[in-house]
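As structure tokens, the structure follows; a few thoughts come after it.
There are 2 protein chains.
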Amino acid sequence: MSNRIRGVANPQAQAEVPGAPETAPVTAPLASRPLYLQARDLLLRRIVDGTWKPGGYLPSEPQLALDLGVSIGTIRKAMEDLVGQGLLERQHGRGTQVVPHSSDRSRFRFLRFVHGDGRPFRPVALVLSAGTARADAQDRAALGLGAGAKVMVLLRTRSEDGVPLIYERIALPAEPFAALKPEPGAEMLEEIYVLYQARCGQTVARARDTIATDRASPAMADALGCPPGAPLLLVRRVAVALTGDPIEYRQSWTAALHYRSDLD
Amino acid sequence: MSNRIRGVANPQAQAEVPGAPETAPVTAPLASRPLYLQARDLLLRRIVDGTWKPGGYLPSEPQLALDLGVSIGTIRKAMEDLVGQGLLERQHGRGTQVVPHSSDRSRFRFLRFVHGDGRPFRPVALVLSAGTARADAQDRAALGLGAGAKVMVLLRTRSEDGVPLIYERIALPAEPFAALKPEPGAEMLEEIYVLYQARCGQTVARARDTIATDRASPAMADALGCPPGAPLLLVRRVAVALTGDPIEYRQSWTAALHYRSDLD
DNA sequence: TAGTGGTCTAGACCACTAG
DNA sequence: TAGTGGTCTAGACCACTAC
């Protein structure tokens, strides 16, 4: 048995020695990476490139095993890894699905805001303004952009029962999110990560949050109905895509809400 | 093959029908729980009850498979689950170890404080006071205690380069932590979870953090060198043991530090 | 060299979903 | 009923650690 998945790993080696017998590759850097990791990466690549879309089903295990030329057990091990990352979801008797971002699912994959008494916060978002601008230093650092790069900037509030509780600024790299087309004044009932995925093909895989205190700017005070300079909780989030590239830098300010990690 | 691990799962069924042939149990509630889950629970129980101590090694896979009367694959699956929870650590060629709480490991299993510029915070803790008291309402709610229950309360600061940056109150259920014996004025170089484990046999498995803003009380202002009433970041943590019981309620106040979730 | 965990396979049988 | 994933086994071979 060859030491790599057919036509998948080390394609350059294949290209360098076309038709060569299956001997040790000339350069053998990753040639012996475990098959299940190669399989996992291949599955991931097909998810990223859209071969299998969010909400869609993968081929069955026996089929994938045939396709990749490995045993079912190896396929299963590759899948388990992606299931653990929250990318795939297996349903007994039905199949294996690429997990779509749904508001419900997002609620449990990331830290989230709650009321002071622990009640969940169920917001409706209202877009205050949207447009592209030159990325500022913080945006560039968070998103790994060069000087002069453009970002789409959204300002919005998130309200419950008509009461705005969060003031939010979201910066996104301009091109991948050109199709987002947020409309000022529009209400967003869905979790915004659902829109990233549906409109822009961008899937948020993980996020890093940094929490600090801040003071209300006039704009925040106006939006949140608190005095300027009032102490606020500030949550900064950098979200990364399946590829590991940062795709969202978000700052959320709130006066009344708490932020929670659910049983880490 | 019997449908349960010998002498482990459903011992009451065994007791009710001693010497009975291996037929369906009279009451078959959990009789068909997968073997690997039964094996996982057994391993967990032996970790909790101290059969295998933190830092110690488990028997080898073939040995455990023999002991439990299951195949190695089933043992591996049980272990993988516990490895995923951070309870076990496998070392190729050496064995499988019960993970001891070390300061280094803790740093990556929980949310943590960082400096505003992202630098890690490496504190030394100083105990201000320690003693037992009647649990207040918040303590009881967090720790699941009844009215009149006693808690050990620690007040301490956490400093870097001699500068106190965190003021902290820790409430612990009195009896399990009687052996902690914190000494006011003592410096704690180790992560306190190491002490819980070493002195009291209590292992913190998971924690839930809730972050809010607060105002400095006179005591906090005094300890942190900020004006009374200054806005602070307040992190409340409820930590639970391997058994799932809450064993620590901690409140941490800071003026300068940020709090961070590292990638999810 | 002996013993450990790591990878990979092949196949039996079960449980769930859908038509 | 056909097809899917879930459990469980048995065994081969490899790679790492220790002595």
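Protein chains in written order, with UniProt numbering: chain A, 1 to 264; chain B, 1 to 264.
Glycine is no exception: its CB is placed at the ideal position from the N, C-alpha and C atoms.
Please read these numbers as outputs of a predicted model, since none were measured by experiment.
Exercise. Does the beta-carbon distance from alanine 125 of chain B to alanine 135 of chain B come in below 9 Å?
Worked result: no
Problem set entry | the region 203–210 of chain B in contact with the region 229–244 of chain B per 3-pair CB rule at 8 Å | yes
For this session: If I'm right that threonine 157 of chain A touches leucine 128 of chain A with Cβ under 8 Å, what's the distance once you round it to whole angstroms?
Result: 7 Å
For this session: Can you tell me the Cβ-Cβ gap for valine 114 of chain B and leucine 257 of chain B, rounded? I've got them flagged as a contact below 8 Å.
Result: 7 Å
Problem set entry | Beta-carbon separation (whole angstroms), arginine 260 of chain B vs leucine 111 of chain B, contact threshold 8 Å | 6 Å
Exercise. So what does DSSP say about aspartate 41 of chain A, is it helix, strand or coil?
Worked result: helix
Problem set entry | Interface residues of the region 200–216 of chain B facing chain A [CB-CB below 7 Å] | Arg206, Ala207, Arg208, Asp209, Thr210, Ile211, Ala212, Thr213
Exercise. Which of the three DSSP states, helix, strand or coil, is assigned to glycine 131 of chain B?
Worked result: strand
Exercise. Helix or strand or just coil, what does DSSP make of phenylalanine 108 of chain B?
Worked result: helix
Problem set entry | 8 Å Cβ cut-off: residues of chain B touching histidine 258 of chain A | Thr210, Ile211, Ala212
Exercise. Using the beta-carbon count (16 or more within 10 Å), is aspartate 209 of chain B buried or exposed?
Worked result: buried
Exercise. Since alanine 142 of chain A is in the alpha helix (DSSP H), which residue starts that stretch and which ends it?
Worked result: 137–143
Exercise. At least one CB of chain A closer than 9 Å to the CB of threonine 123 of chain B: is that the case?
Worked result: Note on identity: in this sequence residue 123 of chain B is proline, with threonine being the wrong assignment. So, not an interface residue.
For this session: Using beta-carbon positions only, say whether glutamate 160 of chain A and serine 252 of chain A come within less than 9 Å of one another.
Result: no
For this session: Output, in sequence order along the chain, the residues in the region 160–177 of chain B whose CB is closer than 9 Å to any CB in chain A.
Result: none
For this session: Would you kindly work out how many angstroms separate the C-alpha atoms of glycine 185 of chain A and alanine 130 of chain A, rounded to a whole number?
Result: 10 Å
Problem set entry | Any beta strand (DSSP E) of 3 or more consecutive residues that is wholly inside the UniProt domain "HTH gntR-type" (33–101) of chain B | 88–91, 95–98
Exercise. How about glutamine 85 of chain B and glutamine 91 of chain B: do their beta carbons lie closer than 9 Å?
Worked result: no
Problem set entry | chain A contact for proline 182 of chain B (CB, 9 Å cutoff) | no
Exercise. For a contact meaning CB atoms closer than 7 Å, what does aspartate 262 of chain B contact in chain A?
Worked result: Arg208
Problem set entry | Among A:Ile72, A:Cys200, A:Ile192, A:Ile211, nearest to arginine 105 of chain A - alpha-carbon criterion | A:Ile192
Exercise. Which whole-angstrom value is the C-beta distance of leucine 232 of chain A and alanine 216 of chain A, which I expect to be below 8 Å?
Worked result: 5 Å
For this session: Determine the chain B residues that contact leucine 111 of chain A at a beta-carbon separation under 8 Å, and present them in chain order.
Result: Ser261
Exercise. Between isoleucine 75 of chain A and arginine 33 of chain A, what straight-line distance do the alpha-carbon atoms span, to the nearest angstrom?
Worked result: 15 Å
Problem set entry | Interface partners of proline 227 of chain B on chain A, CB under 8 Å | Result: empty, since nearest Cβ-Cβ is about 13 Å, beyond 8 Å.
Exercise. How should aspartate 222 of chain B be labelled, buried or exposed, when 16 other C-beta atoms within 10 angstroms of its C-beta is the threshold for buried?
Worked result: exposed
Problem set entry | Cross-strand partners of alanine 221 of chain B (DSSP beta bridge) | Its beta-bridge partners do not exist; DSSP assigns none.
Exercise. Which residues in the same chain have their Cβ closer than 8 Å to the Cβ of glycine 146 of chain A, if we skip the five residues on either side of it in sequence?
Worked result: Arg140
Problem set entry | C-alpha distance - arginine 119 of chain B paired with aspartate 117 of chain A, whole-angstrom precision | 32 Å
Exercise. For valine 194 of chain A versus serine 102 of chain A, is the C-beta spacing smaller than 9 Å?
Worked result: yes
Exercise. Exposed or buried, what is glutamine 197 of chain B when buried is set at 16 or more other beta-carbons lying within 10 Å of its beta-carbon?
Worked result: buried
For this session: Compare the beta carbon distance of leucine 143 of chain B and glutamate 248 of chain B with 9 Å and say whether it is the shorter of the two.
Result: yes
For this session: Would you please verify whether the beta carbon of glycine 84 of chain B is less than 9 Å from any beta carbon of chain A?
Result: yes
Exercise. In this structure, what does DSSP give as the bridge partners for tyrosine 259 of chain A?
Worked result: A:Phe113, B:Ile211
Exercise. Is leucine 143 of chain B close to chain A, meaning its C-beta is less than 9 Å from at least one C-beta of that chain?
Worked result: no
Exercise. Taking C-alpha atoms, which residue in A:Cys200, A:Pro100, A:Tyr57, A:Leu82 lies nearest to methionine 152 of chain A?
Worked result: A:Cys200
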